[in-house]
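J.:
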Amino acid sequence: GHSRNTRDLLKVYGLYDELIAGGMVDLPVYENFDRDNNLPESFGWSRTWNTRVQQRLKQIIAQKPAAYWVEQLTAVGVPAGIHLSADDWLHTAETAAAALTVEVNDPDFGCVKQPGVQAWLAGTDAALMQPDPVQDVEVAELLAEWQDPPQYQDAAEDKGPARKRARTNSAPGQQILEGVRVLDLSNVLAGPASARTLAEYGAEVIKIDPTDPKFGPKIACYFPIEVSPGKRSIILDLKTSAGRHIFYQLVKTADVVVHNFRPGVAERLGIDCEQLQALKPGLIYVHLTAFNGPRPGPWMKRPGFDPLLQATTGIQMRYGGEGKQPLPHGWASCVDYMAGYSATFGAALALFQQRRCKDSTGKQVTTSLAQGAQLVQMPLLVATEAQHPGSEPQGQDAVGERALHRIYRAADGWLFLAGLPGEQVRLRDVPGLRLPTSACEDDRLLADALEEGFSTQPVDAWVPALQQAGLGAHRVDSLVEIAQRFRHTGNTAELQANWDDGRSLSWVCFTDHPVGGSVEMAAPVYARFQRARISLLSPAPKKGHHTRQLLEELGFRGD
Numbered sequence: 001g002h003s004r005n006t007r008d009l010l011k012v013y014g015l016y017d018e019l020i021a022g023g024m025v026d027l028p029v030y031e032n033f034d035r036d037n038n039l040p041e042s043f044g045w046s047r048t049w050n051t052r053v054q055q056r057l058k059q060i061i062a063q064k065p066a067a068y069w070v071e072q073l074t075a076v077g078v079p080a081g082i083h084l085s086a087d088d089w090l091h092t093a094e095t096a097a098a099a100l101t102v103e104v105n106d107p108d109f110g111c112v113k114q115p116g117v118q119a120w121l122a123g124t125d126a127a128l129m130q131p132d133p134v135q136d137v138e139v140a141e142l143l144a145e146w147q148d149p150p151q152y153q154d155a156a157e158d159k160g161p162a163r164k165r166a167r168t169n170s171a172p173g174q175q176i177l178e179g180v181r182v183l184d185l186s187n188v189l190a191g192p193a194s195a196r197t198l199a200e201y202g203a204e205v206i207k208i209d210p211t212d213p214k215f216g217p218k219i220a221c222y223f224p225i226e227v228s229p230g231k232r233s234i235i236l237d238l239k240t241s242a243g244r245h246i247f248y249q250l251v252k253t254a255d256v257v258v259h260n261f262r263p264g265v266a267e268r269l270g271i272d273c274e275q276l277q278a279l280k281p282g283l284i285y286v287h288l289t290a291f292n293g294p295r296p297g298p299w300m301k302r303p304g305f306d307p308l309l310q311a312t313t314g315i316q317m318r319y320g321g322e323g324k325q326p327l328p329h330g331w332a333s334c335v336d337y338m339a340g341y342s343a344t345f346g347a348a349l350a351l352f353q354q355r356r357c358k359d360s361t362g363k364q365v366t367t368s369l370a371q372g373a374q375l376v377q378m379p380l381l382v383a384t385e386a387q388h389p390g391s392e393p394q395g396q397d398a399v400g401e402r403a404l405h406r407i408y409r410a411a412d413g414w415l416f417l418a419g420l421p422g423e424q425v426r427l428r429d430v431p432g433l434r435l436p437t438s439a440c441e442d443d444r445l446l447a448d449a450l451e452e453g454f455s456t457q458p459v460d461a462w463v464p465a466l467q468q469a470g471l472g473a474h475r476v477d478s479l480v481e482i483a484q485r486f487r488h489t490g491n492t493a494e495l496q497a498n499w500d501d502g503r504s505l506s507w508v509c510f511t512d513h514p515v516g517g518s519v520e521m522a523a524p525v526y527a528r529f530q531r532a533r534i535s536l537l538s539p540a541p542k543k544g545h546h547t548r549q550l551l552e553e554l555g556f557r558g559d
């Protein structure tokens, strides 16, 4: 975990001295990997210590209201929040103030509460925070507008012969962000995932890590295996004038800076948007936070991690089930990734705006875990005058929304069936599926009949039959099964040559990973372009691996 957060949390609850007296120690994390009682590295605690601390926390927290503890923890910079339902979140004054949630006057549904935009470019017309109601548009007219897209000129500023400029319209085989340089100062998952995605589209990414990480090795060293492929790595101490001087030289060569410092930290370090754009006027400055929205809000300075936003936006209540204890939807879940992809989207919008408008001025992009958590829950996170969130399937036993949109158990596994309302008639064309006539008139009866019918044959018999009948269907796979079916194994050069065989998924196993053994991960098959390619990135380097190389490129010499 985060060493400072762990200490401060235990001090707020009056447990720090008690635990030290009881046998815990408070020692530098990276010099004491073998200890299971080192207080600042909670990931390394033994089961005995975890159980002991958990029991004491339960006793202490129960003594005062939740709002009291949130206030105390937030005051010392420890992420904390009260569990809310999705409906609570939508109707909280704090989210409306930040334009995280907005109201739309819909001609059919009246006043609709819904999430706002997923990323925001500073200087954009504030009216765009307020979306228009859905409009009926002819699809043919919409598509016609894209038949002959305009050709956009590169931004005016030139990097010189050593660096190519990125082009909006890529030549065959060229990547769409080729020539864009990104400095990644972020940590954990959301920010690094954003920069990694930019790299997959061709950007050159330089990962900048601190000399004294506050996160323990699981977050600081293990997570980057997933979110730092394709990046060059340098270690800098931005708290020193020498470290900032080197960073400023890098900024002068960069197009984009990405960071997720808590509000106020960048200003204290001297690397806020205003200062960096003074060094590089065309710089795109991307900042991810926990609770920020397009407008300043009461929670904008609150710290947070993925699980906290699961709690405050309604995810954990839905996952636990109505009336039951909220449950985390993973420790680091899709909230981190959705926020990261939102930051990527914002950076791409800013780059596009610069080229489309021949605009060489800098841009500031903001997004947050809150915006990512909202995106995860669409379309469930919508409230109308007639219906509010809460009626959707909830809990660990939920299988789907209705008979034609849920998972079913077949003879040898699970399948997902997806059909539109009213498409029950298509089931008559599925060989081997015998349904009572009355079943198609009642959703519950239909679901019961399908449960019985699908149990008679294996998944591979049902899926093609359902697809042939015009319904969506697919086997419910585990990650282990996906890896077995789509795996490519080899060294980096071999994999970069053959990782994409045209199938919808790809799984790669690097045999030459810098960690010293084989590493497997999903490959980026989520986008294919007619005239541009996406890359399988080289494995994440060891921290600081490119420090000397980058310093020499900047003109520094010596030790």
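The C-terminal residue of the sequence shown carries number 559 in full-length UniProt numbering, and the numbering is unbroken.
Ideal placement from N, C-alpha and C gives every residue a C-beta, glycine not left out.
Since the model is a prediction, treat every value here as computed from it, not as a measurement.
CB L308 to CB G81, shorter than 8 angstroms?
T.: Taking 8 angstroms as the Cβ cut-off, L308 and G81 qualify as a contacting pair.
J.: Could you tell me which residues DSSP pairs with E520 in its beta bridges?
T.: BP columns for E520 point to C509.
J.: Taking all protein chains shown into account, decide if S46 is buried (16 or more other Cβ within 10 angstroms of its Cβ) or exposed.
T.: That one is exposed.
J.: Between G44 and T51, what straight-line distance do the alpha-carbon atoms span, to the nearest angstrom?
T.: Near 13 angstroms, if we compare the C-alpha coordinates of T51 and G44.
J.: Assuming the contact rule is C-beta atoms closer than 8 angstroms, A98 and G297 should be a hit. Round their C-beta distance to whole Å, please.
T.: Sure, about 3 angstroms apart at Cβ, within 8 angstroms.
J.: Using only the alpha-carbon positions, how far apart do K363 and A350 sit?
T.: Cα to Cα, K363 sits roughly 6 angstroms from A350.
J.: Expressed to the nearest angstrom, what Euclidean distance is found between the alpha-carbon atoms of Q467 and R528?
T.: Whole-angstrom Cα-Cα distance: 24 angstroms.
J.: Please tell me whether A96 has its Cβ less than 8 angstroms away from any Cβ of chain B.
T.: Looking at the structure shown, chain B is missing, and only one protein chain is on hand.
J.: Tell me the DSSP secondary structure of Q396 in three-state form.
T.: Coil at Q396, not helix or strand.
J.: Taking 8 angstroms as the threshold, find out whether the stretch 477 to 495 comes into contact with the stretch 430 to 446 through three or more Cβ pairs.
T.: Taking 8 angstroms as the limit for Cβ pairs, the verdict is that the stretch 430 to 446 does not touch the stretch 477 to 495.
J.: Just the Cα atoms here: how many angstroms apart are D306 and L269?
T.: Spanning the two alpha carbons is a distance of roughly 25 angstroms.
J.: Does the Cβ of D500 have 16 or more other Cβ atoms within 10 Å, making it buried, or fewer, making it exposed?
T.: By the 10 Å Cβ count, D500 comes out buried.
J.: Note down, in chain order, each residue of its chain lying with its Cβ closer than 6 angstroms to the Cβ of T312, except the 5 sequence neighbours on either side.
T.: Excluding positions up to five away in sequence, the list reads G81, L84.
J.: Under a three-way DSSP split, which group does A403 fall into?
T.: Reduced to three states, the DSSP call for A403 is coil.
J.: Return the residue from the list A497, A339, Q457 that minimises the CA-CA distance to V286.
T.: Per the Cα distances, A339.
J.: Secondary structure at R356, three-state DSSP: helix, strand or coil?
T.: Here R356 sits in helix by DSSP.
J.: Could you give the C-beta distance for Q114 and T101, rounded to a whole number, given that I count them as a contact under 8 angstroms?
T.: Indeed, because the Cβ distance is near 7 angstroms, the residues count as touching under 8 angstroms.
J.: I believe Q424 touches L445 by the beta-carbon criterion, under 8 angstroms. Please report the beta-carbon distance rounded to the nearest angstrom.
T.: At roughly 11 angstroms, the Cβ-Cβ gap does not stay under 8 angstroms, so Q424 and L445 are not in contact.
J.: Please determine, among F291, K214, V182, A195, the residue with the shortest C-alpha to C-alpha distance to K252.
T.: If we check each option's Cα against that of K252, V182 comes out closest.
J.: Evaluate M378 with the Cβ neighbour count: other Cβ atoms within 10 Å of its Cβ, from every protein chain shown; 16 or more gives buried, anything less gives exposed.
T.: M378 comes out exposed.
J.: Can you tell me whether DSSP reads D87 as helix, strand or coil?
T.: D87 falls in the helix class under three-state DSSP.
J.: From R167 to L177, what does the alpha carbon distance come to, in whole angstroms?
T.: The predicted position of R167 is uncertain, since its pLDDT is 44 and thus under 50; no value can be drawn from it.
J.: Between which two residues does the beta strand (DSSP E) harbouring S233 extend?
T.: Residues 231 to 235.
J.: Please go through the same chain and pick out, in chain order, the residues whose beta-carbon is closer than 7 angstroms to the beta-carbon of Q72, but skip the five residues on each side of it.
T.: Cβ neighbours of Q72 beyond the five flanking positions: V12.
J.: From residue 562 to R7, what does the alpha carbon distance come to, in whole angstroms?
T.: Because residue 562 is not part of the residues shown, which for the chain are 1 to 559, the question remains open.
J.: Does the stretch 330 to 346 come within contact of the stretch 378 to 392, defined as at least 3 CB pairs closer than 8 angstroms?
T.: Touching, no.
J.: Using beta-carbon positions only, say whether V257 and L288 come within less than 8 angstroms of one another.
T.: It is not a contact, given that the beta carbons lie outside the stated cut-off.
J.: Taking the runs of the alpha helix (DSSP H) that are 4 residues or longer, which of them lie wholly in the stretch 264 to 349?
T.: With a minimum length of 4 residues, the continuous alpha helix (DSSP H) runs that stay inside the stretch 264 to 349 are 265 to 269, 273 to 279, 306 to 313, 315 to 320.
J.: Would you kindly report the start and end of the unbroken beta strand (DSSP E) that includes W414?
T.: From DSSP, the beta strand (DSSP E) with W414 extends over 414 to 418.
J.: CA-CA distance, V112 and V137?
T.: Distance between the alpha carbons of V112 and V137: 21 angstroms.
J.: For Y408, which beta-bridge partners are listed by DSSP?
T.: The partner list for Y408 (beta bridge, DSSP) reads L415.
J.: Say whether the stretch 202 to 214 touches the stretch 233 to 245, bearing in mind that this needs 3 or more beta-carbon pairs closer than 8 angstroms, one atom from each stretch.
T.: Flag = yes, the stretch 202 to 214 and the stretch 233 to 245 touch.
J.: Return the bridge partner residues of C111 from the DSSP annotation.
T.: DSSP output for C111 lists N105 as bridge partner(s).
J.: With hydrogens ignored, establish whether the beta-carbon of G470 is closer than 7 angstroms to any heavy atom of the ligand GDP.
T.: This structure lacks the ligand GDP; in fact it carries no ligand of any kind.
J.: Return the bridge partner residues of H545 from the DSSP annotation.
T.: Answer is none; H545 lacks a bridge partner.
J.: If we ignore side chains and look at the alpha-carbon of each, how far apart do G517 and P217 end up?
T.: When rounded, the distance between both Cα atoms is 18 angstroms.
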